[in-house]
Amino acid sequence: MNTATYEVIAASSAVNAIAAFVGGLVIAGALVWAVRMGISVRREELDPPTPEEQPKLPAEGAIHEIREMREPDEVPQAVDESERLMPYNLHAAGSKHADDQHRKRWVPGSSGSFGSGGPGRT
416 MNTATYEVIA ASSAVNAIAA FVGGLVIAGA LVWAVRMGIS VRREELDPPT
466 PEEQPKLPAE GAIHEIREMR EPDEVPQAVD ESERLMPYNL HAAGSKHADD
516 QHRKRWVPGS SGSFGSGGPG RT
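Basically the numbering used here = 1-based index in the sequence shown + 415.
Structure below.
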């Protein structure tokens, strides 16, 4: 190799080092700008609610869970087959309060959990 080749290699590595340094400065500047913009946006937001503004329990206490048996609410039948059912013709929920509120329990002698080794329903 001759001296000119070493000079070209040295010049290109210096340019690469300067380009990497400038690129690092650009990225660092962008990060500083993003943080400052985030801080200014955060300052413009409303303050968090005070303890007096927080939701409170009703005077009668917490509302407790209600257990009930539900049964499917069937889709109403159209009076005439040419009549279309519209969304307002349907009920809000897919189930309704069951008349029989007796909970069906496990029957002794029937199968237990899968693989329990029991004889199954006899």
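Where a beta carbon is used, it is the ideal one built from N, C-alpha and C, also for glycine.
The structure displayed is predicted, hence computed values, not measured ones.
For Ser510, the secondary structure class from DSSP, reduced to helix, strand or coil, is strand. The three-state reading of DSSP puts Pro466 in helix, counting H, G and I together. One alpha carbon belongs to Ile433, the other to Glu468, and they sit about 56 Å apart. In the three-state scheme derived from DSSP, where H, G and I count as helix and E and B as strand, Pro473 is classed as coil.
In this chain, the beta strand (DSSP E) harbouring Arg485 covers Arg485 to Pro487. In the three-state DSSP reduction, Ser497 falls in the coil class, being neither helix nor strand. The beta-carbon separation of Leu500 and Ala493, rounded to 6 Å, stays under the 8 Å limit for a contact.
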